[in-house]
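*Asks:*
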Amino acid sequence: MAREKELTMTTILPRKDVVIVGLGWTGSILAHELTDQGLDVLAIERGPWRDTATDFNIGYAQDELRYSVRRDLFLQPAVETLTMRNDPSQTALPMRDFGSFLPGNGVGGAGVHWNGHTWRFWDSDFQIKTNLTKRYGAARIADLQVEDWGVTGAEMEPYYDQFEYLAGISGKAGNIKGKLQDGGNPFEDPRARDYPNPPMEMTYAPTLFANVGRSMGLHPFPTPSANMSRTYVNPLGITMGQCTYCGFCERFGCANYSKSSAQTTILPVLMKKANFEVRTDSEVLHVDLAAGGKSARGVTYVDTSGQEFFQPADLVLLCAYGLHNARLMMLSGIGKIYDPVTGEGTVGRNYCYQTNAGAQVFFDDKNFNPFIAAGALGQTIDDFNGDAFDHSGLDFVGGAGINCIPTNGRPIGTRPTLPGTPKWGSAWKKATVAGYKSTLGFSSQGSSYATRTNYLDLDPTYKDRFGRPLMRMTFDFPDNDIRMSNYLCDRMEEIAKASGGKQYNVARRKKGWDSVPYQSTHNTGGAIMGTDPKRSAVNSFLQSWDVPNVFVIGASAFPQNAGKNPTGTVGALAFRAADAIRTQYLRNPGAPLVQA
Amino acid sequence: MDRHNTVRLSRRLFLSSVAMFTMTATSASFARSLSGSLPWVPLSSDPPTQVVPGGWQFFTPQEAALVEAIVDRIIPADDLSMGGKEAGCAVYIDRQLMGAFGTSSRLYTKGPFLPGLPTQGYQGEANPAQRYRAGLAAIDAFLKQRDGKTFAELQPADQDAFLTAMEAGKVELPNGVKAAGFFGLLLQNTMEGFFADPVYGGNKDMVSWRMLGFPGARYDYRDHVSKHNQAYPRPPVSIEGSPEWLVKRS
């Protein structure tokens with residue numbers, strides 16, 4: 001059908017060296033790097049142009065209903081959604097509204113409305129299968145489908161550094177070239193130098209949490225934050241302003257140039273380049289492959305009037321949200337779609353998420369001023385994250401960061417009350433007033449490890465507005481991850497008890513992933529990186545094994561997810577892919593960088 | 001390539017000029033090509049429009065009386081705050097039902113519509129506007145049949161008992177209306193109206209924000225970050241401004 005349309009009504013445009021699908025974090029990084037290389041780069045973005053003064057205006061950005069509840073800046077399900085089910089025996093139904101996760105839309109992507117927690121994964125995360133097998137034996141991970149990434153922590157270090165300096169991360173190093181640093185994370189891998197900015201000023205809740213943690217012999221440290229602790233000029237010469245702790249971060253654009261995003265760190269430079277162009281409000285329908293399916297000719301996209309265009313390009317970079325990268329591959333015939341029965345196929349394989357749980361401590365005599373906050377302002381305890389602790393006597397692998405990062409006091413969504421409080425009436429109101437300022441909250445952000453039956457493919461029934469199949473998500477929390485989360489909840493309960501409140505509550509993670517309440521927009525996998533083309537969709541430079549002039553950049557490349565936010569690793573992988581394209585691929589365009 | 005020329009008009013001017021030719025434009029933005037500079041057009045921001053109380057846009061007078069009585073039990077007047085009716089929660093819901101929320105225009109509304117698992121979320125075909133119309137009529141019919149009265153005519157204790165039964169799904173409302181589901185929608189929207197910025201018609205005089213001590217749309221707390229465990233001294237502000245700036249409401 002697409003071919004017939006092409007003959008009759010598709011306008012063919014002049015070719016470009018590079019076409020990028022999606023202008024968020026990864027698209028902007030790749031566009032900047034490849035235009036510096038002298039290439040003619042076009043980005044095609046499904047959503048609108050967005051910039052600080054016009055779209056995150058300081059006169060009305062602090063609007064919880066509009067941006068957090070009605071989600072003005074997010075992808076609307078009418079444009080694209082997914083179907084979901086918990087296991088392959090069920091019939092998947094469309095997520096008619098997004099809930100558990102909220103994909104972004106428009107220039108800047110989800111980087112516009114993230115909180116800004118910016119982590120490095122560890123070498124033990126990248127070489128997970130090798131490490132866990134060596135340390136605990138192959139039987140321990142027999143129920144899982146964990147895979148090595150094909151990179152080491154040391155190989156990733158310079159690219160993490162590049163992203164952290166681009167984005168002006170505020171934090172405290174825990175390990176510089178092997179030397180442990182007081183006040184930082186003692187469990188992190190060695191880094192070449194400290195963060196570009198010092199930690200943010202701490203509010204009361206994380207200060208109290210850190211004191212309790214330290215008194216228990218744990219190692220709290222300031223969460224690495226993409227909210228500026230001071231005015232910062234990044235390596236591109238772009239200035240950001242000091243964060244004002246307004247508490248409108250996640251789900252909001254920053255009106256104050258204080259949160260790193262493509263808008264505040266790259267676009268002011270990128271947009272001035274004559275060899276860069278972005279076409280907004282234009283949705284790529286698929287990548288067009290040459291006869292034989294071994295190379296891409298360009299992409300077909302449609303604009304808001306419904307007019308279809310063919311954009312030829314030598315190099316195609318999929319830089320959409322990870323889930324949308326995987327779907328575009330499926331719709332374009334790049335690689336084979338994963339089949340959980342045979343285990344064959346790579347696209348859609350190893351979809352993972354995040355295994356979170358939460359704790360609350362209620363006080364009578366404390367005022368935390370919850371509205372004085374920033375998206376990534378807080379303290380983290382990594383003593384039980386990843387493989388930082390010995391799992392020998394335990395019945396699971398993986399772990400979680402324990403985070404006290406009170407991001408806001410916005411009252412439609414943030415009204416902690418004692419367990420058992422009615423949801424309305426005078427008793428509700430009294431409890432709401434009592435709990436608003438005096439509740440300490442923290443949470444465990446847990447790893448999510450792949451299994452055979454957690455995967456993505458195309459839905460047989462439900463279609464998008466162009467008649468293309470929606471992607472189908474089949475997911476539930478693996479038993480391993482539930483056991484991990486329960487162990488972390490026991491640790492949180494110990495912290496909660498030691499905090500000295502009048503009462504505490506730990507909300508444990510249960511089987512039966514629910515797509516309705518918000519949990520995390522850390523959807524990973526579906527086009528994973530690796531060293532074996534039978535078990536991964538892209539090589540360690542994020543180049544498609546099947547169509548080598550296509551690179552697929554994003555959290556889609558994660559073989560499984562760690563107990564950390566993904567953006568730091570996504571940014572580092574983007575810089576690594578850009579480096580590989582500049583220094584290796586362009587010498588011999590179209591050739592695989594790694595021999596299968 | 002002409003169609004890719006940068007739109008140089010402001011989005012609003014452009015939209016209004018398009019609207020003169022066609023009423024079918026549903027998208028707020030149009031394809032643009034941008035290169036060579038950061039695009040900038042004056043007056044291209046998009047602030048919210050202030051809801052002006054007075055009259056009903058979605059509800060009939062009977063429906064409005066019922067919703068006002070319900071929001072006044074969900075958020076009763078007491079020594080902590082005025083009630084939901086006086087705070088404008090019904091006005092808020094009325095205006096929301098006239099917009100994108102009421103028609104689910106942003107959501108995925110293609111069939112087939114099948115009963116789902118709880119983990120799959122709302123799978124009904126009806127949008128919120130339709131659910132309010134059917135749900136309010138069902139409450140009215142049920143109570144007239146059972147008590148010979150409207151909800152507003154019941155004693156507060158009886159109103160609370162009825163809402164409690166709805167919340168628990170222990171009321172069989174007519175026409176297939178699911179009591180617990182509809183109560184959940186009412187509760188969600190009432191809370192939104194009570195706690196949202198007053199620009200949307202509820203939270204009159206920032207009553208809920210004063211009650212909680214939430215300073216509202218303030219943007220700079222740097223002078224108070226390190227003042228741990230100390231009350232924040234300033235009153236709330238709304239997107240509309242502080243009280244003395246408010247337009248006079250009729």
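Protein sequences, first through last, are from chains A and B.
Note that the numbering used here numbers the first sequence so that position 492 is 492, with each residue one more than the last.
Note that the numbering used here numbers the second sequence so that position 248 is 248, with each residue one more than the last.
Note that CB positions come from ideal geometry on N, CA and C, so glycine has one too.
No experiment lies behind these values; they were computed from the predicted model shown.
Looking at the secondary structure, which residues open and close the alpha helix (DSSP H) in which Leu458 (chain A) lies?
*Replies:* Not the alpha helix (DSSP H): Leu458 (chain A) falls in the beta strand (DSSP E), residues 455-463.
*Asks:* If we cut at 7 Å on Cβ distances, does Phe195 (chain B) have a partner in chain A?
*Replies:* Chain A contact via Cβ: present.
*Asks:* Mind checking if Asp514 (chain A) is an interface residue toward chain B, Cβ cutoff 7 Å exclusive?
*Replies:* So, interface residue.
*Asks:* Under 7 Å, Cβ to Cβ, is there at least one residue of chain B near Ala78 (chain A)?
*Replies:* Yes, Ala78 (chain A) counts as interfacial toward chain B.
*Asks:* Flag this pair as touching only if the region 228-247 of chain B and the region 453-467 of chain A have three or more C-beta atom pairs under 8 Å; answer yes or no.
*Replies:* No, the region 228-247 of chain B is not in contact with the region 453-467 of chain A.
*Asks:* What number of angstroms, rounded off, separates the C-alpha of Asp189 (chain A) from the C-alpha of Asp123 (chain A)?
*Replies:* The straight-line gap from Cα to Cα measures roughly 7 Å.
*Asks:* Give the list of continuous beta strand (DSSP E) stretches no shorter than 3 residues that lie fully inside the region 357-393 of chain A.
*Replies:* Segments of the beta strand (DSSP E) lying fully in the region 357-393 of chain A: 379-381.
*Asks:* At a Cβ threshold of 7 Å, is Gln62 (chain A) touching chain B?
*Replies:* Taking Cβ atoms only, chain B reaches closer than 7 Å to Gln62 (chain A), which makes this a yes.
*Asks:* Mind pulling the chain D residues with CB within less than 7 Å of Ser426 (chain A)?
*Replies:* Looking at the structure shown, chain D is missing, and the protein chains on hand are A and B.
*Asks:* With a threshold of 7 Å between beta carbons, is Ile482 (chain A) in contact with chain B?
*Replies:* Chain B, which has no Cβ nearer than 7 Å to the Cβ of Ile482 (chain A), makes this no.
*Asks:* Buried or exposed for Leu82 (chain A), please, with buried defined as at least 16 other CB atoms from any protein chain shown within 10 angstroms of its CB.
*Replies:* Leu82 (chain A) is buried by the Cβ-count criterion.
*Asks:* Identify which residue in A:Lys16, A:Asp395, A:Asn325, A:Lys259 has its Cα closest to the Cα of Tyr351 (chain A).
*Replies:* The option with the nearest alpha carbon to Tyr351 (chain A) is A:Asn325.
*Asks:* Note down the Cα distance separating Met484 (chain A) from Gly446 (chain A), rounded to an integer number of angstroms.
*Replies:* Rounded to whole angstroms, Met484 (chain A) to Gly446 (chain A) spans 8 Å at the Cα level.
*Asks:* Run down chain A in chain order and give the residues with a C-beta less than 8 Å from the C-beta of Lys110 (chain B).
*Replies:* Chain A residues near Lys110 (chain B): Pro94, Tyr462, Lys463.
*Asks:* How many whole angstroms separate the CB atoms of Leu236 (chain A) and Thr265 (chain A), which I take to be in contact at a CB cut-off of 8 Å?
*Replies:* Right, the Cβ-Cβ distance comes to about 7 Å (below 8 Å), so this counts as a contact.
*Asks:* Report the rounded CA-to-CA distance for Trp56 (chain B) versus Ala64 (chain B), giving the unit in angstroms.
*Replies:* Rounded to whole angstroms, Trp56 (chain B) to Ala64 (chain B) spans 8 Å at the Cα level.
*Asks:* Determine the direct distance from the alpha carbon of Pro243 (chain B) to that of Ile128 (chain A), and round the result to whole angstroms.
*Replies:* Each residue's alpha carbon lies about 58 Å from the other.
*Asks:* For the beta strand (DSSP E) that Glu147 (chain A) lies in, which residues bound it at each end?
*Replies:* Unbroken run through Glu147 (chain A): none, as it is neither H nor E.
*Asks:* Please report the straight-line C-alpha distance between Asp382 (chain A) and Ala562 (chain A), rounded to a whole angstrom.
*Replies:* Spanning the two alpha carbons is a distance of roughly 12 Å.
*Asks:* Mind checking who Glu172 (chain B) pairs with in its DSSP beta bridge?
*Replies:* Its beta-bridge partners are B:Lys178.
*Asks:* Express the C-alpha separation of Phe195 (chain B) and Arg46 (chain A) in angstroms, rounding to a whole number.
*Replies:* Taking the straight line joining both Cα atoms gives about 33 Å.
*Asks:* Leaving out the 5 sequence neighbours to the left and right, which residues in its chain are closer than 7 Å to Glu153 (chain B) when beta-carbon positions are compared?
*Replies:* Excluding positions up to five away in sequence, the list is empty.
*Asks:* Ignore the nearest five residues each way along the sequence and tell me which others in Asp579 (chain A)'s own chain have a CB closer than 8 Å to its CB.
*Replies:* Hits under 8 Å: Glu33, Tyr159.
*Asks:* Are the C-beta atoms of Asp220 (chain B) and some chain A residue less than 7 Å apart?
*Replies:* It does; some Cβ of chain A falls within 7 Å.
*Asks:* Given a limit of 8 Å on CB to CB distance, which residues of the region 545-575 of chain A reach chain B?
*Replies:* Answer set for the region 545-575 of chain A: empty.
*Asks:* Quick one: measure Cβ to Cβ for Leu102 (chain A) and Arg71 (chain A), integer angstroms, because I've assumed they're closer than 8 Å.
*Replies:* Correct: roughly 6 Å between the Cβ atoms.
*Asks:* For a minimum of 4 consecutive residues, which ranges assigned as the alpha helix (DSSP H) are wholly contained in the region 173-239 of chain B?
*Replies:* Whole alpha helix (DSSP H) segments, 4+ residues: 179-195, 207-212.
*Asks:* Measuring alpha carbon to alpha carbon, tell me which of A:Thr521, A:Asn539, A:Gln519 ends up nearest Ala527 (chain A).
*Replies:* Looking at the Cα atoms, A:Asn539 is the closest of the given residues.
*Asks:* Give the secondary structure of Thr11 (chain A) by DSSP, where H, G and I count as helix, E and B as strand, and everything else as coil.
*Replies:* Thr11 (chain A) falls in the strand class under three-state DSSP.
*Asks:* Quick check: the Cα distance between Gly500 (chain A) and Phe214 (chain B), rounded to an integer number of angstroms?
*Replies:* Those two C-alpha atoms are separated by around 25 Å.
*Asks:* Would you decide whether Glu344 (chain A) is buried or exposed? Buried here means 16 or more other CB atoms lie within 10 Å of its CB.
*Replies:* The residue is exposed, with fewer than 16 neighbouring Cβ atoms inside 10 Å.
*Asks:* Among the residues of its own chain, which have a CB less than 7 Å from the CB of Asp194 (chain A), if the five just before and after it don't count?
*Replies:* These residues qualify, in order along the chain: Ala173, Ile176.
*Asks:* Would a check of beta-carbon distances place Val278 (chain A) closer than 7 Å to chain B?
*Replies:* Closer than 7 Å to some Cβ of chain B, the Cβ of Val278 (chain A) qualifies, so yes.
*Asks:* Can you check the region 232-310 of chain A for any beta strand (DSSP E) of at least 3 residues that lies completely inside it and give the ranges in chain order?
*Replies:* Segments of the beta strand (DSSP E) lying fully in the region 232-310 of chain A: 276-280, 282-289, 296-303.
*Asks:* Please tell me whether Ser448 (chain A) and Tyr353 (chain A) are closer than 7 Å, where the distance is taken between their beta carbons.
*Replies:* Yes, these two residues count as a Cβ contact at 7 Å.
*Asks:* Please classify Met211 (chain B) as buried or exposed, where buried requires at least 16 neighbouring CB atoms within 10 angstroms.
*Replies:* It is buried - the Cβ of Met211 (chain B) has at least 16 other Cβ atoms within 10 Å.
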